[in-house]
Amino acid sequence: MKVLVTGAAGFIGSALTLRLLERGDDVIGIDNHNDYYDPSLKEARLARHVDHSGYVHLRVDLADKKAIEDCFSQHQPDRVVNLAAQAGVRYSIENPLAYINSNIVGFAHILEGCRHHNVEHLVYASSSSVYGANTKMPFSVHDNVDHPLSLYAASKKSNELMAHTYSHLYGLPTTGLRFFTVYGPWGRPDMALFKFTRAMLAGEAIPVFNYGKHRRDFTYIDDVVEVVVRVLDAPASSSSKWTGDQPDPGTSKAPWRVYNIGNNQPVELMDYIVTLERALGKTAEKEMLPLQAGDVPDTYANVDDLVTDMGYKPAMDVETGVANFVAWYKDYCKC
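Residues 2 to 336 (the numbering used here) make up the sequence shown, in order.
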């Protein structure tokens, strides 16, 4: 297939691109290379696949309507994986318009490109943050998610609604993936594992929010890529059981689906830190802090639908995953 991957220099996007190229697909990669975090990491990720004969890289922004139109017209992708977004819950508190431009306006441009160029399937990144104020655990795609706690979460819920509209009106198969705290080698510097590792190796204190009472459903990058590929290969279809009398939030009469992508084994933040301490052979100095605005105390994914429909359940244990990250980090940073 010819696959358009947005966010191709990002954490998940680069890993997915490598996997698609390895199995023989052609990939058109889009990334705006913004400076939300150190652009040199994006360049290093990109260097792993930019010279592949089946790869084309475009440095454009999703909010650039003409650039996205030109991309679809010139390259005519069969399927699309939209991973580009302004990331970060806490960043959205101070910079809300960045999320409107990238996550909503940019996503609309992707939807229009898919609509007008007969794309067979659009897979896009949603987020566990859409569960917002929900407290019933584990989070299920069949639960209502109308109470987001950050604009980042609201933008991801908006993506799901926008995709549903295009699935209903134009018959475009769309599948949203609610990622739960993805981690691993080549990860994002704004995520806890990267920040903690960097601080601990530098002898600095690590910020521990909610006084360490968080639980997170940490999901390893290799598991995430495996799921994305399986979903990409299985375009969403309509549900014959869906009814407007009792509307199921996770399915539709339209060719639209959403899935939780989580490990289904939440880990206490303090246990996560202990795991990192073992991997580094260092004890962390901790700065205990209150819950941050926009954060939720716990995440826990129900992945029953993913197992039933895709025959796969993320399974990497945290000890191995963290050790893999530490080994990569020391090599990458030469420390």
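The C-beta atom is built at its ideal place from N, Cα and C for all residues, glycine as well.
| Check | Outcome |
| --- | --- |
| With 16 other Cβ atoms within 10 Å as the buried cut-off, status of Gln247 | exposed |
| Buried or exposed (CB count within 10 angstroms, at least 16 for buried), Gly312 | exposed |
| Three or more C-beta pairs below 8 Å linking the segment 128-143 and the segment 292-305 | yes |
| Alpha carbon of His34 to alpha carbon of Gln87, nearest angstrom | 11 Å |
| Whole-number beta carbon distance between Thr309 and Ile262, since they are thought to touch under 8 Å | Going by Cβ atoms, the distance from Ile262 to Thr309 rounds to 14 Å, so no, they are not a contact pair. |
| The segment 286-293 / the segment 200-215 touching (three or more Cβ pairs under 8 Å) | yes |
| When Ala68, Leu290 and Tyr167 are compared against Tyr212, the one with the closest alpha-carbon | Leu290 |
| For Glu269, the residue or residues it bridges with in DSSP | Arg216 |
| Residues near Ser239 by beta carbon distance below 7 Å, same chain, minus five either side | Ser253, Lys254, Ala255 and Pro256 |
| Reference Val304; option with closest CA among Asp218, Asn96, Tyr56 and Leu162 | Asp218 |
| Whether Phe73 touches Gly188 by CB criterion (7 Å) | no |
| Counted within 10 angstroms of its Cβ, other Cβ atoms place Asn145 as buried (16 or more) or exposed | exposed |
| Contact check, Pro292 vs Tyr260, beta carbons under 7 Å | Looking at the sequence shown, residue 292 is not Pro but Leu. Not in contact: Leu292 and Tyr260 (Cβ atoms no closer than 7 Å). |
| Inter-residue Cα distance where the pair is Thr244 and Pro250 | 11 Å |
| Rounded separation between Ala302 and His76 - CA only | 36 Å |
| Ala85 versus Val209 - alpha carbon distance | 28 Å |
| Other residues of its chain near Ala68: CB distance less than 6 Å, five sequence neighbours each side excluded | Val61 |
| Residue environment, Tyr333, which counts as buried when at least 16 other CB atoms sit within 10 Å | exposed |
| Limits of the unbroken beta strand (DSSP E) element including Trp187 | Looking at the DSSP string, Trp187 is not in any beta strand (DSSP E), and its letter there is neither H nor E. |
| Neighbourhood of Asp27 by C-beta distance below 6 Å, restricted to the same chain and skipping five residues each side | Lys3 and Gly55 |
| Three CB pairs or more closer than 8 Å across the segment 165-174 and the segment 109-117 | yes |
| For Val131, the three-state DSSP class (helix, strand or coil) | helix |
| For Pro97, three-class secondary structure by DSSP | helix |
| In DSSP terms, what Lys3 is bridged to | Asp27 |
| Leu63, buried or exposed, once every other Cβ within 10 Å from all chains shown has been counted against 16 | buried |
| Contacting residues, own chain, Cβ-Cβ under 8 Å from Asp52 (five flanking each side not counted) | none |
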